[in-house]
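S.K.: Residue numbers (the working numbering), protein chains in the order written: chain A, 1172 to 1445; chain B, 5 to 573; chain C, 303 to 483.
Each residue gets a CB set at the ideal place from its N, CA and C atoms; glycine is no exception.
Every value quoted in this text rests on a predicted model; they were computed, and no experiment measured them.
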Ligand SMILES: Nc1ncnc2c1ncn2[C@@H]1O[C@H](COP(=O)(O)OP(=O)(O)OP(=O)(O)O)[C@@H](O)[C@H]1O
Ligand SMILES: Nc1ncnc2c1ncn2[C@@H]1O[C@H](COP(=O)(O)OP(=O)(O)OP(=O)(O)O)[C@@H](O)[C@H]1O
Ligand SMILES: [Mg+2]
Ligand SMILES: [Mg+2]
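See below:
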C-alpha cells in the first residue's frame, strides 16, 4: 500500500531541496492558519495553484483526496452555519442583514465573509500540502526535517514511522484474517457487543506484536550504531540551490506579512464593514 | 590450518536471563580466531542466539541478565566496551530479515551504519555502491523492503554490515527462509566476502548440509547451553554426535551409513564433492541399492480439493497466480516447492479465503470454496502461516492454542485435554506456563502449528512448517503430521527443505512465477536437473552419490526414501 | 527521546495511531459513531515508554493522518493527541509494566489519569485552541471535543486497561521461568 503519494517527475518543484520545501510548507500552513485577511488568503490560494501547476502534478492523480476535501469543506461550512449563523457578526462587530431564511438562520454579509474565509483557508493549504507530498521523496523528508533544525532522533522517528506503516497495515490484515479463521466473526451478522469484543481481539495482538517488534528493531539499530553520535548524516540529503533560497524567502515573507498585518491592523481580521 | 590471533575468547562464561531460573549458557570455553569460518549448530532453544547476542554485545547491553566468567572481543572485555564499540568489530545479520531492514529503501538501509557515524555523503555513496556491488544488489538500490524477495533482503542485510568493513560477520539462521538455490548462493556469497575481506564468519544454522556447501573451518555443537563438540566438520561427521545431539546429518552420510560404509575423517566427508570413497565403499552402496525393500505403493484415492485455472493478483500488481490447476487426493501428504516469491504462500492464502478476489474454480469435496467465509473455510482447511508472530494473538501459550477451541465452544476440560496432548506432541508441554514472549523463534513456530492442529480440519496447509526447527522437533512434527495424515487428514506442506520433501511427501508440486511447472514424485523431481535449475531448487546430494557409484539417480533416491521410512517407523 | 528504544517506540506508536485512525473503527451502541481507539494505544504506550514517547508518537501519528487525509493539518488536534500521551505518561510515572505489575491500584490510577487527561485535552485545550486560532463557533467545537473526549475516555479506560493488563501478564516475573514436566 502506498502511503505518501509521491510522484516521480521532472519539475522545478521536484528539483527543490526537501528542507526548503518543508520550511516553506510549515510557514505557509501557520500563516494561513492564523490570518483572516481575505485578500492574503486569496493570494495564497492562487500562489498554491501556481505551485501545483509548476509541480506538473495532475488533478486526476489526486482525485480521491480532492473529492474528500470538497465534502469535508462543505460539511464543516454547514456545521459552522447551523451551530452559529451569526458567528460573523460576533467576529466583525457589525451586522449587515441580507435576509432571513427562517428563525435564527439569518444570512449576513459578515457571516458570508467569515465562512468564505474558512473555505479559503482550506483552498489555500490543501493544494500546497499535495504539492509537497507529491514532489518530495519520503526518504528525503527525515533528512529535511533534521536540516531545518529538528533533532535527528525525532526526524528518524518520522522516517521509521513511514517505513513501518505498510508493515503495520499488512500485519493487521493478516492478524484479522487469522482471528476470523480462528472463529471471530467480523461480519455485521454479529451483535454490536460481539463486534466490539472482536475488534478488541484484533487490536490486541497487533499492538502487543508491535511492542515485541520494537525490541528487535531497537537491537538492529543499536547493532548499527544508531544514536551514538551527537548528529548524523543523511545519504538522501540534497544541496541547496538558488530556488531553495527563493522558497524559504516566500515562506518567511508570508509569515512576516501576516504578523505585520496583525500588529498594524490590531486584529487578524480584514474588515471591510467599518 | 595455521591460526591467526584470537578475536573472540569465551572463558568459563555463563549467562542467565533475568527472567530465567537457570542459566541459558553454562561455562562456555570457546576461542575463535581471525579469518576462521565457524558453524554453530544445536537443537532449538539450546542457546545459539543467546551466544550470538553475547558476541555482538546485545548481551549484556540490552538484554539484562547475570554474567559469570569472561568474554574478550579483540582482546578487550566485552562488558567494558559499548555496543557501538563492539559493532565496529562484529557485524550481525539477525534471524529476522525484516527487522534487519531499517531503511526505507535498499540504498538507505545499506548506508544506515555510515549515516550514524556521520560519514560525509560522497564517501557514503562510494562505500555503499561498493558494498552493493559485492553482494550484487546494485540494480535494486531504490527498492522498498516490501518489493524484495527473501534472498534480496538477505543480500541487503549483508551489504549493510559490509560497508563498515567489520572483522567478524555473525549470521543467525541466514538460510531459514531462503529457497535452496538462493541459500546456496547466499553461502557462496558469504564465502567470497570472507575470502575477499579476510573477515571471520560465524553462522548459526540448522541446515548443516547447506552450510557445508562451502568449506567451514570448524563446527561448534551446542546442547542445553553447553558446548559438546568443537572441531572440524570431518571429525564431527565421522562421529555420531549429530544424531545424538538431535541434529540432521547430511543425507549422503545417512545413505552411506545405511549402506554400511564406515565414515572416517580421512575420507573428507564434510561435503559430497570432497568425499572420496574406496571401491569397497561404492560396492557396499551398490549392494545396498540392490537389496530391494518393500516399495509402498502410493494410495490413489478420490479427489478432495480440485482447483482449476486459478488466477489471482494482489491489487495494483501484475498477477501472482497465472492459471493454476491442481488436484489434491484425500489422505495425501504433498509438498509445494519453488523459488522465493513464486506464489506458494499466495495460493495457500487464496485456498483459505484470506485473499478473496480470484478467478477460476476451487472445489473442496464438490463444495465451492469461493462461497465460504474465512471461518467456514477454516473448519475444513487449516492454514499455518509462515510468520508465527502474525498468528499469535494471546500472551500465554495455553490460551493461544486453546483460542480456536474456545471460539468453537468446547468445554474447558475437553480443551484442557486436547491442548495438553497437542503440547506434548509439539514439545511444548514443559513450557506450558511460559509467556510466549520468552520463546525462541523455533518454539514460537511450534506454538502456531499446535494451535491449528488442535482443531483437526480435513486439510492442513503448513507454510514452512519446519523453518528454524532442529532435527528432533522436525522429526516430531513431521511424524505427527504423518500420523494424523494416516488417519485420513490431507496435508499440504509449503517448504524450502528438500529433505522434508524427499522424506515425507510422496508427491511434490513445483511452482515458478505463479505456475506449476512439475507435478511428480519428490525423488523424480529432485533428480531432474532441468526442473531443479528452473525452480531454483537444489538436487539432493544423493543424486551425486548415485552418479559417483554409477547408479540410476532417481531409482537410488526412491530406494533411499523407502529404506529410510522402513528404518524410522 | 534519549534512548534508541524511545525513538523506535515513538515511530511504532505513530504507525499504530495512523493505522487505527485510518482503518480501524470499533462500532458503538450510538448510531454511526465509532469508538476510535487510537487514544487507548497512545495511553498504553505512554504508560509503557513514558511521556516523551507518548507525545512524539501521538503527535507524529496524528500529523501523518492529517497530511494524508483531505482535511488539511489541524494543529490543535494534532498537538492535543501528543499532549494526551504526555499527560498520561506523566500521570502514570512509577507504574512499571515491565515488571509485570498492573493490579487494582495501578488500574484505578491509570483510569483516573486517562479520564482527567481526556477532559483536559479534548474538553478544554482542543476547543479553546480552535476558537482562538480558527475562530470557530464555541458551541460547535465544544460538542466535537465532547464526542472525541468521551470516546477517547471509554477507549482508554477499557481497551487501554486491557492492553496494560495483557502486557503485564506477558512479562514474566523475573526468575520465574523454569521447565516443568
Ligand atoms: N529475552 C529472553 N528472556 C528470557 N528467556 C529467553 C530470552 N530469549 C531466549 N530465552 C530462552 O533462552 C533459551 C535459548 O534461546 P535461544 O533463542 O538462544 O535459542 P536458539 O538456540 O537460538 O533456538 P532457535 O534455534 O529456535 O533460534 C530458550 O529456552 C529461550 O526460552
Ligand atoms: N500482500 C501483498 N501485496 C502485494 N504483493 C504481495 C503481497 N504478498 C506477496 N506479494 C508478492 O507476491 C509474490 C508471491 O509472494 P509469496 O509470498 O506467495 O511468495 P512465496 O512463494 O511464498 O515466497 P517465499 O518462498 O519467500 O515465502 C511476491 O512477488 C510478493 O512480492
Ligand atoms: Mg535463534
Ligand atoms: Mg511464503
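If the cut is a Cβ gap below 9 Å, which residues of chain B does residue 471(C) touch?
M.R.: Within the third chain, the letter at position 169 stands for residue 471(C). Residues of chain B passing the Cβ test: 399, 400, 439.
S.K.: Using the rule of at least 16 other Cβ atoms within 10 Å of the residue's Cβ for burial, across every protein chain shown, is residue 118(B) buried or exposed?
M.R.: As a first step, residue 118(B) is located in the second chain; it is residue number 114 there, counting from the start. It is buried - the Cβ of residue 118(B) has at least 16 other Cβ atoms within 10 Å.
S.K.: Any contact of the stretch 30-39 of chain B with the stretch 227-234 of chain B, i.e. 3+ C-beta pairs under 8 Å?
M.R.: The stretch 30-39 of chain B vs the stretch 227-234 of chain B: in contact.
S.K.: Mind checking if residue 313(C) is an interface residue toward chain B, Cβ cutoff 7 Å exclusive?
M.R.: Counting from one through the third chain, the residue named residue 313(C) turns up at place 11. No, residue 313(C) lies away from the interface with chain B (no Cβ there is under 7 Å from its Cβ).
S.K.: Can you give me the C-alpha to C-alpha distance between residue 360(B) and residue 234(B), rounded to a whole angstrom?
M.R.: Indexing the second chain from 1 puts residue 360(B) at position 356. Indexing the second chain from 1 puts residue 234(B) at position 230. Approximately 52 Å, taken between the alpha carbons.
S.K.: Which residues in the same chain as residue 389(B) place their Cβ atom closer than 6 Å to its Cβ, once the five residues preceding and following it in sequence are excluded?
M.R.: Taking the first residue of the second chain as 1, we reach residue 389(B) at position 385. Hits under 6 Å: 395, 467.
S.K.: Would you give the residue range spanned by the alpha helix (DSSP H) that residue 1258(A) belongs to?
M.R.: Looking up residue 1258(A) in the first chain gives position 87. Here the alpha helix (DSSP H) through residue 1258(A) covers 1258-1263.
S.K.: Rounded to whole angstroms, what is the Cα-Cα separation between residue 221(B) and residue 211(B)?
M.R.: Within the second chain, residue 221(B) is the residue found at index 217, counting from 1. Within the second chain, residue 211(B) is the residue found at index 207, counting from 1. About 16 Å.
S.K.: Strictly below 8 Å CB to CB, what residues from chain A border residue 465(C)?
M.R.: For this step, residue 465(C) is matched to residue 163 along the third chain. Within 8 Å Cβ-Cβ: 1375, 1378, 1379.
S.K.: Taking the alpha-carbon of residue 151(B) as reference, which of 1305(A), 1375(A), 1338(A), 1303(A) has the nearest alpha-carbon?
M.R.: For the purposes of this step, residue 151(B) is taken as residue 147 along the second chain, with counting starting at 1. Looking at the Cα atoms, 1338(A) is the closest of the given residues.
S.K.: Would residue 318(C) pass as an interface residue toward chain A - the criterion being a Cβ-Cβ separation below 7 Å?
M.R.: Translated into the one-based positions of the third chain, residue 318(C) becomes position 16. Yes, residue 318(C) lies at the interface with chain A (some Cβ there is under 7 Å from its Cβ).
S.K.: Less than 7 Å between CB atoms is the rule here; does residue 1252(A) satisfy it with respect to chain C?
M.R.: Here residue 1252(A) refers to the residue found at position 81 of the first chain. Judged by the 7 Å Cβ criterion, residue 1252(A) is not in contact with chain C.
S.K.: Identify, in the order they occur along the chain, each residue of the same chain with its Cβ nearer than 6 Å to the Cβ of residue 318(C), setting aside the five sequence neighbours on each side.
M.R.: As a first step, residue 318(C) must be located in the third chain, where it is residue number 16. Hits under 6 Å: 343.
S.K.: Hey, how far is the Cα of residue 402(B) from the Cα of residue 457(B)?
M.R.: Counting from 1 along the second chain, the entry for residue 402(B) is found at position 398. Counting from 1 along the second chain, the entry for residue 457(B) is found at position 453. Approximately 14 Å between the Cα atoms of the pair.
S.K.: Closer than 5 Å is what we want: which residues have a beta carbon that near any heavy atom of ligand 4? List them in chain order.
M.R.: Result (chain order): 349(B), 390(B).
S.K.: Opposite residue 18(B) in the DSSP bridges: which residues?
M.R.: Mapped onto the second chain, residue 18(B) falls at position 14. For residue 18(B), which the question treats as bridged, DSSP gives the partners 72(B).
S.K.: Would you tell me roughly how many angstroms separate the C-alpha atoms of residue 65(B) and residue 1394(A), rounded to the nearest one?
M.R.: Taking the first residue of the second chain as position 1, residue 65(B) is located at position 61. Taking the first residue of the first chain as position 1, residue 1394(A) is located at position 223. Going from the Cα of residue 65(B) to the Cα of residue 1394(A) covers about 11 Å.
S.K.: If you measure beta-carbon to beta-carbon, which residues of the stretch 372-385 of chain C are closer than 8 Å to chain A?
M.R.: Correct list: 372, 373, 374, 375, 377.
S.K.: Specify the secondary structure class of residue 334(C) as computed by DSSP and reduced to three states.
M.R.: Within the third chain, residue 334(C) is the residue found at index 32, counting from 1. At residue 334(C), the pLDDT of 42 sits below 50, so the modelled position is not reliable; the number obtained from the coordinates is stated separately. Coil at residue 334(C), not helix or strand.
S.K.: Which residue spans inside the stretch 376-453 of chain C form an unbroken beta strand (DSSP E) run of at least 3?
M.R.: List check, beta strand (DSSP E) in window: nothing returned.
S.K.: Have a look at residue 1178(A) and residue 1399(A) and give me their C-alpha separation to the nearest angstrom.
M.R.: Your numbering for residue 1178(A) matches position 7 in the first chain. Your numbering for residue 1399(A) matches position 228 in the first chain. Their Cα atoms are separated by approximately 35 Å.
S.K.: Starting from the beta carbon of residue 341(C), find every residue of chain A whose beta carbon is closer than 7 Å, and list them in chain order.
M.R.: Here residue 341(C) refers to the residue found at position 39 when the third chain is read from its first residue. Within chain A, no residue comes near residue 341(C); the closest Cβ sits about 12 Å away, beyond 7 Å.
S.K.: Quick check on DSSP: helix, strand or coil for residue 45(B)?
M.R.: In the second chain, the residue the question calls residue 45(B) occupies position 41. Note: residue 45(B) maps to strand in three-state DSSP.
S.K.: Mind checking if residue 468(C) is an interface residue toward chain B, Cβ cutoff 7 Å exclusive?
M.R.: Position 166 of the third chain, counted from the start, is the residue given in the question as residue 468(C). Chain B contact via Cβ: present.
S.K.: Residue 185(B) and residue 540(B) look like a contact to me (Cβ under 8 Å); what is the Cβ gap, rounded to whole Å?
M.R.: The residue labelled residue 185(B) in the question sits at position 181 within the second chain. The residue labelled residue 540(B) in the question sits at position 536 within the second chain. Rounded, the Cβ-Cβ distance is 4 Å, consistent with contact.
S.K.: Is the CB-CB distance between residue 564(B) and residue 347(B) below 7 Å?
M.R.: Residue numbering aside, residue 564(B) sits at position 560 when the second chain is read from its first letter. Residue numbering aside, residue 347(B) sits at position 343 when the second chain is read from its first letter. Not in contact: residue 564(B) and residue 347(B) (Cβ atoms no closer than 7 Å).
S.K.: Taking all protein chains shown into account, do 16 or more other C-beta atoms lie within 10 angstroms of the C-beta of residue 1217(A), making it buried, or fewer, making it exposed?
M.R.: Taking the first chain and counting its residues from 1, the one referred to as residue 1217(A) is at position 46. It counts as exposed.
S.K.: Using a Cβ-based criterion (distance less than 6 Å to any ligand heavy atom), does residue 52(B) qualify as near ligand 5?
M.R.: What this structure holds is ligand 1, ligand 2, ligand 3 and ligand 4, not ligand 5.
S.K.: Please report the straight-line C-alpha distance between residue 1299(A) and residue 338(B), rounded to a whole angstrom.
M.R.: For the purposes of this step, residue 1299(A) is identified with residue 128 of the first chain, where counting begins at 1. For the purposes of this step, residue 338(B) is identified with residue 334 of the second chain, where counting begins at 1. Approximately 57 Å, taken between the alpha carbons.
S.K.: Under the rule that 16 or more other beta-carbon atoms within 10 Å means buried, what is residue 1276(A), buried or exposed?
M.R.: Translated into positions along the first chain, residue 1276(A) becomes position 105. When all chains shown are included, residue 1276(A) counts as exposed.
S.K.: What are the uninterrupted segments assigned as alpha helix (DSSP H) that are 4 or more residues long and contained completely in the stretch 1242-1311 of chain A, given in chain order?
M.R.: Entirely contained in the stretch 1242-1311 of chain A, the alpha helix (DSSP H) runs reaching 4 residues are, in chain order, 1258-1263, 1280-1306.
S.K.: With distance defined between alpha-carbon atoms, name the residue in 1281(A), 1262(A), 1264(A) nearest to residue 1270(A).
M.R.: Counting from one through the first chain, the residue named residue 1270(A) turns up at place 99. Among 1281(A), 1262(A), 1264(A), the Cα nearest to that of residue 1270(A) belongs to 1281(A).
S.K.: Where does residue 325(C) land, buried or exposed, given buried means 16+ other C-beta within 10 angstroms?
M.R.: Residue mapping note: residue 325(C) aligns to position 23 of the third chain, counting from 1. Exposed is the call here.
S.K.: So if DSSP puts residue 37(B) in a beta bridge, which residue, or which two residues, is it bridged to?
M.R.: Here residue 37(B) is taken as the residue at index 33 of the second chain, counted from 1. According to DSSP, which records beta bridges pairwise, residue 37(B) is partnered with 10(B).
S.K.: Out of 397(B), 87(B), 171(B), state which residue places its alpha-carbon closest to the alpha-carbon of residue 1379(A).
M.R.: Residue numbering aside, residue 1379(A) sits at position 208 when the first chain is read from its first letter. Selected option, being the one with the closest Cα: 397(B).
S.K.: Please say whether residue 1313(A) and residue 106(B) have beta carbons closer to each other than 7 Å?
M.R.: Within the second chain, residue 106(B) is the residue found at index 102, counting from 1. Within the first chain, residue 1313(A) is the residue found at index 142, counting from 1. The answer is no: Cβ separation not under 7 Å.
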